[in-house]
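Numbering (this note's numbering), first residue to last: 1270 to 1687.
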């Protein structure tokens, strides 16, 4: 080593054994090197022009230490920045890894917390979608696990559904009570109407017997027509009210083809120059009420006769198609009004719509009865064009493999509606 004033330079072996390479020089201002360690292989550190200079990858610190007469003496200490840069790079790498790792952990923790927090919301959403799809407010909202805002929302929605369900039940009970009332009232009206109709017919017969058909006869005829029309209307309303109230007739095995043939035989005498044909290759057994099914066929035939001109052909076909018994009534008349395929089954719809009162004596309930009876038998009915351009009504009912029972006779109620 060497001593110059208060500057002590470490010996060469300690410098060479240092973990980081360093160079120390004692130089004059003009760059003349007085002493240097290590003595060999040290790079030129340049003139001490500034407190800190850079030579290659070495950072040089220049400190003046005195004046020996030949000039100012400087101590130059140089050390490579490579180890420091490597350490800094490692620190940046560790810092980046820590940031990324912390971000990943924070993201996973956030997702876990959010998933746990949103789980009640997801349950509420699923329950709401189920209720919207089923339109059933009797379903309940899952109860909250914690007492927070989401739990309060779940309790509020559940209470709302309870109130809606209660309101719907009250409405259903009120509607059912109204249907029961209409059915009972229609049934009670039939007895006095039958009595009035019988008395009017008896009075008309007596006037005819004494040949007094003047003004009194016209009054009796008008009252008789009105009474018959009212009797048909009450009978139709009674059947619809029973269907609405769920009062279905007793179901027995019967042959749809036989029921249709009986209905056609009943309608033919009043067909008014219409040709009615039946296409029934064989028996088509179903489980149903023969009186109500007879009414379906009669109403379809009556509809065809009312809305087609004289000379029109009406074809009634009964077939079995897979699990269904199919009844079709088709004509070659003018066909259905455009857009009336669904509306025509509504109640009190006549001709081209509800505003058409029709002058042919219809009540506007015949096709509504057809749809109601088909629905109570688990079937469907649809309207469309026939192969000849007229109207076609197709009734599909579940077929049965049971043997049909012998018919008890022609239903009187069906005959009363013609």
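In this text, a Cβ means the ideal position worked out from N, Cα and C, and glycines have one as well.
Since this is a predicted model, take the numbers as computed values, not measurements.
Let's test the definition: count the other Cβ atoms within 10 Å of the Cβ of residue i and tell me whether it reaches 16, buried, or not, exposed.
| i | result |
| --- | --- |
| residue 1561 | buried |
| residue 1357 | exposed |
| residue 1554 | buried |
| residue 1342 | buried |
| residue 1536 | buried |
| residue 1438 | exposed |
| residue 1603 | exposed |
| residue 1581 | buried |
| residue 1538 | exposed |
| residue 1374 | exposed |
| residue 1317 | buried |
| residue 1363 | exposed |
| residue 1331 | buried |
| residue 1592 | exposed |
| residue 1299 | exposed |
| residue 1563 | buried |
| residue 1545 | buried |
| residue 1501 | buried |
| residue 1450 | exposed |
Return the bridge partner residues of residue i from the DSSP annotation.
| i | result |
| --- | --- |
| residue 1451 | The partner list for residue 1451 (beta bridge, DSSP) is empty, contrary to what the question assumes. |
| residue 1557 | 1521 |
| residue 1511 | None, per the DSSP bridge assignment. |
| residue 1342 | 1297, 1335 |
| residue 1662 | 1598, 1652 |
| residue 1328 | 1323, 1348 |
| residue 1292 | 1347 |
| residue 1667 | 1593 |
Any heavy atom of the ligand HEM within a distance shorter than 8 Å of the CB on residue i?
| i | result |
| --- | --- |
| residue 1662 | This structure lacks the ligand HEM; in fact it carries no ligand of any kind. |
Could you spell out where the beta strand (DSSP E) holding residue i opens and where it closes?
| i | result |
| --- | --- |
| residue 1593 | 1593-1600 |
| residue 1582 | 1582-1590 |
| residue 1303 | 1302-1306 |
| residue 1548 | 1544-1548 |
Does residue i come out as helix, strand or coil in the three-state DSSP assignment?
| i | result |
| --- | --- |
| residue 1489 | helix |
| residue 1641 | helix |
| residue 1236 | Nothing can be reported for residue 1236: it is not among the residues displayed for the chain, which extend from 1270 to 1687. |
| residue 1605 | coil |
| residue 1461 | helix |
| residue 1552 | coil |
| residue 1526 | helix |
| residue 1440 | helix |
| residue 1421 | helix |
| residue 1314 | coil |
| residue 1400 | helix |
| residue 1617 | coil |
| residue 1577 | coil |
| residue 1541 | coil |
| residue 1646 | coil |
| residue 1410 | coil |
| residue 1633 | coil |
| residue 1309 | coil |
| residue 1563 | helix |
| residue 1416 | coil |
If I follow the unbroken alpha helix (DSSP H) through residue i, where does it start and stop?
| i | result |
| --- | --- |
| residue 1405 | Segment: none, residue 1405 is in no alpha helix (DSSP H) and carries neither H nor E. |
Return the Cβ separation of residue i and residue j in integer angstroms, given the expectation that the two are a contact with Cβ distance under 8 Å.
| i | j | result |
| --- | --- | --- |
| residue 1344 | residue 1295 | 6 Å |
| residue 1494 | residue 1466 | Contact flag wrong, Cβ pair sits at about 11 Å. |
| residue 1618 | residue 1570 | Contact doesn't hold; Cβ gap of about 18 Å is too wide. |
| residue 1542 | residue 1579 | 4 Å |
| residue 1512 | residue 1641 | 4 Å |
| residue 1520 | residue 1558 | 6 Å |
| residue 1424 | residue 1409 | Wrong, their Cβ atoms sit about 11 Å apart, outside the cutoff. |
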